[in-house]
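Chemist: Residue numbers (this note's numbering): 30 to 349. Just so you know, even glycine gets a beta-carbon here, dropped at the ideal spot from N, CA and C.
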Amino acid sequence: MAAKEMRAAYTETLLELAKEDPRIVVVEADLMKATGTTPFKTAFPERAFDVGVAEANMLGVAAGLAAEGKIPFAATFGCFASRRAFDQFFMSGAYARLPVKLVGTDPGISAAFNGGTHMPFEDLGIMRMVPGIDIIEPSDPVSLKALVRKLAASGKVGYLRLHRKAIEALYPEGEAFELGKGKLLREGKDVVIVALGAIMVPEALAAAKILEAEGIEAAVIDAISVKPLDAGLIGEWIGKTGAVVTAENHQKMGGLGSAVAELIAESELQGCRLARVGVADEFGEVGTQDWLKTRFGLSAEDIAAAARSLVAGKGKRKQV
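1) Verify whether the separation of the beta carbon atoms of Met156 and Tyr188 is less than 7 Å.
2) How about the stretch 87 to 98 and the stretch 33 to 48: do they share at least three Cβ pairs that are nearer than 8 Å?
3) Let me check one thing: in DSSP terms, what residues is Tyr124 bridge-paired to?
4) So, for Ala114: in the same chain, excluding its five sequence neighbours on each side, which residues have a beta-carbon less than 6 Å away from its beta-carbon?
5) Check whether the Cβ atoms of Gly307 and Ser254 lie closer than 7 Å to each other.
6) What does Ile196 pair with, by DSSP beta-bridge criteria?
7) Among Asp169, Val171, Leu131, Phe142, which has the Cα closest to the Cα of Asp152?
8) Would you mind sorting Phe142 into buried or exposed? The rule is 16 or more other CB atoms within 10 Å of its CB.
9) Can you tell me which of the three DSSP states Val349 falls into?
10) Just to confirm the assignment, what range does the alpha helix (DSSP H) spanning Thr146 have?
11) Below 8 Å CB to CB, which residues in the same chain sit around Val221 once its five sequence neighbours on both sides are set aside?
12) Just to confirm, is the Cβ distance from Lys185 to Asp163 under 7 Å?
13) Among Ala335, Lys48, Lys322, Gln299, whose alpha-carbon lies nearest the alpha-carbon of Arg26?
14) Run through the stretch 208 to 273 for me and flag every whole alpha helix (DSSP H) of 4 or more residues, listed as ranges in chain order.
15) Please name the residue, chosen from Gly211, Ile332, His279, Ala304, that lies closest to Leu240 on a Cα-to-Cα basis.
16) Using only the alpha-carbon positions, how far apart do Glu277 and Ser296 sit?
17) Helix, strand or coil, according to DSSP, for Lys185 in the structure here?
18) Can you check DSSP and say which residues form a bridge with Phe102?
19) Report, in whole angstroms, the separation of the C-beta atoms of Thr105 and Leu176, which I expect to be a contact under 8 Å.
20) Less than 7 Å between the beta carbons of Ala37 and Gly81, yes or no?
21) Compare the C-alpha of His192 against each of Gly217, Lys218, Glu75, Leu225 and name the closest.
22) From the DSSP output, which residues share a beta bridge with Thr5?
23) What residue range is occupied by the uninterrupted beta strand (DSSP E) comprising Ala72?
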């Protein structure tokens with residue numbers, strides 16, 4: 030299947046939902062062109078609200094609409110969604126138990142030439158602290174379209190981490206998805222790679238091929254959901270392999286890697302080995318996405334190296 034812009038898939042789904050359900054509304058903060066929702070405004074001008082460069086106000090408006098029975102999707106760059114407007118989202122949306130759907134676009138290094146100020150490496154860690162929230166990062170247009178529908182129907186507050194750019198489909202049309210559930214993409218007996226998002230899932234699959242050429246069999250899981258984490262699927266494959274690499278376009282702290290580490294610490298999986306591939310404790314930079322992958326250690330080679338080290342060290346107690 031040809032590559033498709035994720036933002037186009039997002040807006041197509043909102044348009045479909047809006048035709049089916051008059052409660053669907055869109056709230057934006059001067060970024061309709063960037064997030065791709067201009068066609069929604071054209072089709073449903075009375076259900077599209079642009080509050081200007083005022084992200085906290087965007088979420089206040091979204092919460093007000095939700096309180097009146099609407100299902101609002103409020104979108105902005107992920108850096109603003111998490112850092113700038115978090116308190117409004119937490120208090121007006123989550124604390125009030127209103128079904129506000131916050132969409133944070135351009136996650137991590139996908140911000141590219143917008144640079145470090147617009148490069149959220151911490152949004153998942155921030156959002157995981159919200160009680161009762163659904164947090165998802167779809168890896169392709171098929172999963173995105175299915176999960177936008179699930180978010181709309183959930184009746185809960187949600188955070189969608191949205192890669193805007195063109196991505197090739199990983200899944201066939203009609204594939205079923207559920208909030209809180211991941212997908213096993215590949216089986217393997219030596220190590221499991223748990224990856225998240227449109228950048229890191231393809232890198233994980235490429236890493237598995239590198240390892241296969243070396244005689245290492247790596248399973249690959251598309252985590253999809255960070256909260257709730259699919260503890261059943263991920264725990265099953267950690268148990269089968271005894272070694273897990275997490276791969277995320279995010280800081281190593283607070284996101285997928287931390288969630289998996291918590292799962293291991295609080296279960297009967299403590300004997301397994303864990304490596305986290307993600308951004309170290311630093312800020313973003315300007316660059317192409319490919320350059321940034323190398324700069325921050327997010328490439329298939331980095332994932333393969335982490336897996337290789339775990340497999341070589343199986344059965345050995347790590348010295349602290």
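Modeler: Reading from the atomic positions:
1) For this step, residue 156 is matched to residue 127 along the sequence shown. For this step, residue 188 is matched to residue 159 along the sequence shown. The criterion of a C-beta distance shorter than 7 Å is satisfied by Met156 and Tyr188.
2) Result no; under three Cβ-Cβ pairs closer than 8 Å.
3) If you number the sequence shown from 1, residue 124 lands on position 95. Beta-bridge pairing by DSSP links Tyr124 to no other residue.
4) Taking the first residue of the sequence shown as position 1, residue 114 is located at position 85. Residues of the same chain with a CB within less than 6 Å of the CB of Ala114, apart from the 5 flanking positions on each side, are Glu84, Ala85, Leu88 in chain order.
5) Taking the first residue of the sequence shown as 1, we reach residue 307 at position 278. Taking the first residue of the sequence shown as 1, we reach residue 254 at position 225. No, the Cβ-Cβ distance between Gly307 and Ser254 is not below 7 Å.
6) As a working note, residue 196 is residue 167 in the sequence shown. Looking at the DSSP output, Ile196 sits in a beta bridge with Lys33.
7) By one-based count along the sequence shown, residue 152 stands at place 123. Nearest of Asp169, Val171, Leu131, Phe142 to Asp152, Cα basis: Leu131.
8) Here residue 142 refers to the residue found at position 113 when the sequence shown is read from its first residue. Result: exposed.
9) As a working note, residue 349 is residue 320 in the sequence shown. Summary for Val349: the model assigns pLDDT 38, below 50, so the residue's position carries little reliability, and this model does not support an answer.
10) The residue given as residue 146 occupies position 117 in the sequence shown. No alpha helix (DSSP H) contains Thr146, which DSSP labels as neither H nor E.
11) Indexing the sequence shown from 1 puts residue 221 at position 192. Same-chain partners within the cutoff: Ala247, Ala248, Val249, Ile250, Ile263, Trp266, Ile267, Lys269, Thr270, Ala272, Val273, Val274.
12) The sequence position of residue 185 within the sequence shown is 156, counting from 1. The sequence position of residue 163 within the sequence shown is 134, counting from 1. Against a cut-off of 7 Å, the Cβ pair of Asp163 and Lys185 comes out as a contact.
13) Limits of the chain in this structure are 30 at one end and 349 at the other, which puts residue 26 out of reach.
14) Listed in chain order, the alpha helix (DSSP H) runs fully inside the stretch 208 to 273 are 226 to 241, 260 to 270, counting runs of at least 4 residues.
15) In the sequence shown, the residue the question calls residue 240 occupies position 211. It is Ile332.
16) Counting from one through the sequence shown, the residue named residue 277 turns up at place 248. Counting from one through the sequence shown, the residue named residue 296 turns up at place 267. Distance between the alpha carbons of Glu277 and Ser296: 22 Å.
17) Working through the sequence shown from its first residue, we reach residue 185 at position 156. In the structure shown, Lys185 adopts coil according to DSSP, grouped into three states.
18) Here the question's residue 102 lines up with position 73 in the sequence shown. For Phe102, DSSP records a beta bridge to Val55, Lys130.
19) Taking the first residue of the sequence shown as position 1, residue 105 is located at position 76. Taking the first residue of the sequence shown as position 1, residue 176 is located at position 147. A Cβ-Cβ separation of about 19 Å leaves Thr105 out of contact with Leu176 under the 8 Å criterion.
20) Reading the sequence shown from its first residue, position 8 is the one you call residue 37. Reading the sequence shown from its first residue, position 52 is the one you call residue 81. For Ala37 and Gly81, no; Cβs fall outside 7 Å.
21) Taking the sequence shown and counting its residues from 1, the one referred to as residue 192 is at position 163. Answer by Cα proximity: Leu225.
22) The first residue shown for the chain is 30 and the last is 349, placing residue 5 beyond what the model contains.
23) Against the sequence shown, residue 72 aligns to sequence position 43. Not the beta strand (DSSP E): Ala72 falls in the alpha helix (DSSP H), residues 67 to 72.
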